[in-house]
Amino acid sequence: MNDKERDGAKMQQSVAFFEYLIGGAKATALVGGVAYLLAIALGFAAGIARAERIPIARTIAFVYVEIFRGTSLIVQLFWIYYSLPLMGVSISPLMAGCLGIGLNSGAYASEIVRGALLSIPAAQLEAAAALDLNRYQTLRKIVIPQAVREMAPPFGNLSIAILKDTALVSMISIADIAFKAQQLRTFTYNSAGIYSVSLVIYFGMALVLLVTSRTVEYYARPKYQRSWSLFRRAAQ
Amino acid sequence: MTGVLSIDTSSNWAFALSAIPILLHGLVVTVAAASLGFTLALVVGLLFVILRRSRSWLITWPLACFLEFIRDTPLLIQLFFLYYVLPSYGITLPAFLTGAAAIGLQYGAYMAEIYRAGIEAIGRGQWEASVALNLGRRTVYRDVIIPQAIPRIIPALGNCLVSILKETPILYTVSVLEMLNYAIIIGDRTYQYTIPLTLAGALMLIMTTICAYLVRWVELIVPRRGIPLR
Amino acid sequence: MKTNITRRATAGLLLAGLTGVTSTGARAQSTLEKAKRAGFIRGAVHNEPPYAYMTLEGKAAGLGPEVVTAVLARLGITQIDWIVTPFNSLIPGLIAGRWDIVASQQTIFPARCQQVAFAEPTNTALEGLLVKKGNPKNLHSYDDLKKDPDVRVATAAGTTEFNFLHAYGVPDSRILIIANHADGAELVRSGRADAYTLEQPSGNYLLSSGRAEGLEMASPFTIPVVDGKRVISYGATTFRKDDTAFLEAYNKELHAFEQTPEFWSIERKNGFTDESVKLALAMTTAERCAAK
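Those protein sequences? They're chains L, U and R, same order as listed.
Residue numbers for the first sequence follow our numbering, so the first one is 28 and each next one is one higher.
Residue numbers for the second sequence follow our numbering, so the first one is 479 and each next one is one higher.
Residue numbers for the third sequence follow our numbering, so the first one is 168 and each next one is one higher.
This is how it looks when you write it as structure tokens:
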């Protein structure tokens, strides 16, 4: 095989790898998507709870955040995958993956929410009190709408972090891109090609997330603050 | 050590107590790998940020794309790539070093951004004053900019250290005998995963808390105005 | 594989609130009855041709799945959801109820018999050693692995070979534990390991698959001797201990299936000689569990 033929064969092989590996993108997207939604929900719940006056809510939120931010995601995933069934809770690998990443990212999300809530100027809260709005109304009508603008960039970065975390669910038998890459290696020992194509697929998905998050940030700002230079800002 | 695993499964407490020494043995490896990875990342990050600020766009553009690529793709795949692909180019590093290299590479890319943000946070006034004083480029960096940048970036670097510590168990996948690997081995032997994994999680939590306090302590002792580099 | 994900995803999301219900209580029903009513059963394999593996098209192949598919069809179960998982999580997953049957032709081993139940054995295998071509370190037995202090040997997690290495006194620092069978050959080829412990059918399959450049099976090779006996592995399908009704029904149909020519053609197709299979059929699971 001369050089040209060899390159041609390599191209064909890469295309074949791509077609096989892209099948794993479905599981990656599913786990990532569900985990992201779970993280947002938990993030708001825990983030708001930590600013609450009720000690129980604060403590629970605090413990949750410290545990899930202080331990490894892979340990958490294995714990949910191996230990829960032994306690009688039968949970499918997919649910274990979504739950694990969701809980872990939820802890980070709660910090984002908390930071954004704290960044609201005190003047806003004072004005709300002057207008005789109760706590719930203040939160809903005044604080959160302004906080959301602050939260958009970190939540965008969180989505990419979750994408990278999904690779770990291949360790608990979910057929995502990383899992399929390992499978493929049983049949052809071209690790370089397989992993390169996997990385390219992940990067492609990350770029999509990057553009989406920058667009959300762009539209989240009032018209006079919008600037296309947002898109040139490198990811944090 | 695992061949002579003396695990007592008579009761939960006995099990936990006999598992702890084994896990601690692994924790040492985990911390060692994390430290090595962190050090590598500090150096690699510095290299990246210096290259990034080069005047030639032939270097900066591909480098920016490369760094984005490293930052946005999973560490697991990068680790596998280094572990399985490098040997075919003649570089066969032991798993421990390969793991540290993978961590160093990915977190180096993050640190490049942190360094960049730290340097850019130094007000223009400092640069203008340096120009007015006719200081050379290297002198400006060494004596004006970087000493002021260091205290600002310590919290972010500290976060990186804690993240690295938490990601190090990923080395289990390339057969490094660190804490998670031992926890799984114990689990495979006894079919009881709950206790080893919970213990591993608890030990990790203790380590990251110690680490967080360490970072805060460093923040306190570093003078606010900057560390002179001479 | 595609339908597995969709089915699991929809089932998982819809039943998100009901996870707690599927506890051990529900398993009191016979697994066989449940499978027949549901129309499918969950089976697990690891990736090690020719014992059990998943083809790229997502079909389970190899001695284990093919025999299990045939026997379960005779029991009225035609749909099997296969899941691929590392070898060392086959038994834990079975016990945890993540799947109902393991079709990996796992070796019947007393320690395993304490945790799970095996069907009657359907194959035998001898140990082997995968080394670099030319066998540069001259490894021809487990003794050689022990004697040379520079030799690193790779072995899959949870396999009996791991126990044999310990029986021979090979220290942990020289054993590389891998999760996937595919990594063993790669480790030897890259030089990270000097040898990979595997059974001869796996080794022969690897060498004949045309993807084993630079590798060979150590020859001549002395079969390891543990507790005074030459090691012969008997492989069988694995069941949960409390699935006694299922196991009995399975063994009955398996015995009937062994009389058919289809059984023998499956064995031959996967590289198992008639003599080695006859040896397996002459042995009973009870004897193997009690051995040692």
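Glycine included, each C-beta is placed from N, C-alpha and C at the ideal position.
Roughly how many angstroms lie between the CA atoms of residue 189/L and residue 132/L, to the nearest whole one? 7 Å
First through last residue of the beta strand (DSSP E) which encompasses residue 366/R: 362-366
Tell me which residues share the same chain as residue 659/U and place their Cβ nearer than 7 Å to its Cβ, disregarding the 5 neighbours each side in the sequence. 504, 650
Since residue 219/R and residue 232/R are thought to touch, with beta carbons under 8 Å apart, how far apart are those beta carbons, to the nearest angstrom? 6 Å
For residue 343/R, decide whether its Cβ has a neighbour in chain U, counting only Cβ atoms nearer than 9 Å. yes
In this structure, does DSSP put residue 116/L in helix, strand or coil? coil
On the three-state DSSP scale, how would you describe residue 203/R? helix
Excluding the 5 residues flanking residue 424/R on each side, which residues of the same chain have their C-beta closer than 8 Å to its C-beta? 234, 237, 238, 241, 430
According to DSSP, residue 131/L sits in a beta bridge with which residue or residues? Beta-bridge pairing links residue 131/L to no other residue.
Cα-Cα, which of 358/R, 267/R, 274/R, 456/R is closest to residue 413/R? 267/R
Taking DSSP as the reference, what is the three-state secondary structure of residue 175/L? helix
Rounded C-alpha distance that separates residue 606/U from residue 599/U: 14 Å
What residues from chain L crowd round residue 221/R, counting only those whose CB sits closer than 9 Å? 210, 213
If we ignore side chains and look at the alpha-carbon of each, how far apart do residue 584/U and residue 398/R end up? 46 Å
My assumption, with CB atoms under 8 Å, is that residue 446/R sits in contact with residue 198/R. Please give the rounded CB distance. With a Cβ gap of about 30 Å, residue 446/R and residue 198/R do not count as contacting.
Would residue 618/U pass as an interface residue toward chain L - the criterion being a Cβ-Cβ separation below 9 Å? no
Cross-strand partners of residue 402/R (DSSP beta bridge): 274/R, 290/R
Can you give me, in chain order, the residues of the region 352-378 of chain R that have a beta carbon less than 7 Å from any beta carbon in chain U? 353, 357, 358, 359
Counting only beta-carbon separations shorter than 9 Å, does residue 214/R have a partner in chain L? yes
At least three beta-carbon pairs within less than 8 Å, the region 38-48 of chain L to the region 204-218 of chain L: yes
Check the Cβ-Cβ distances between residue 447/R and every residue of chain L, and say whether any is below 9 Å. no
Closest by CA to residue 442/R, which one among 289/R, 376/R, 349/R, 455/R? 289/R
Using the Cβ count rule (16 or more neighbours within 10 Å means buried), how would you classify residue 159/L? exposed
Who are the neighbours of residue 262/R on chain U, taking C-beta pairs under 7 Å? 669
Measure from the alpha carbon of residue 74/L to the alpha carbon of each residue in 152/L, 243/L, 137/L, then state which is nearest. 137/L
Please state whether the Cβ-Cβ distance between residue 553/U and residue 526/U is less than 9 Å. no
In chain L, what lies closer than 7 Å to residue 265/R by C-beta? 112
Any residues in the region 560-575 of chain U with a beta carbon nearer than 9 Å to a beta carbon of chain R? Which ones, in chain order? 561, 562, 564, 565, 566, 570, 572, 573
Rounded distance between the beta-carbons of residue 582/U and residue 652/U, thought under 8 Å: Going by Cβ atoms, the distance from residue 652/U to residue 582/U rounds to 15 Å, so no, they are not a contact pair.
Going by DSSP in three states, residue 451/R sits in which element: helix, strand or coil? coil
With a threshold of 8 Å, are at least 3 pairs of Cβ atoms found where one atom belongs to the region 95-103 of chain L and the other to the region 159-175 of chain L? no
Applying the 10 Å Cβ sphere with the 16-neighbour rule, what's the burial state of residue 684/U? exposed
Start-to-end residues for the alpha helix (DSSP H) that takes in residue 151/L: 149-157
Identify whether residue 588/U lies in helix, strand or coil by the three-state DSSP scheme. helix
CA-CA distance, residue 114/L and residue 107/L? 10 Å
Residue from 182/L, 125/L, 216/L, 205/L whose Cα sits closest to the Cα of residue 244/L: 182/L
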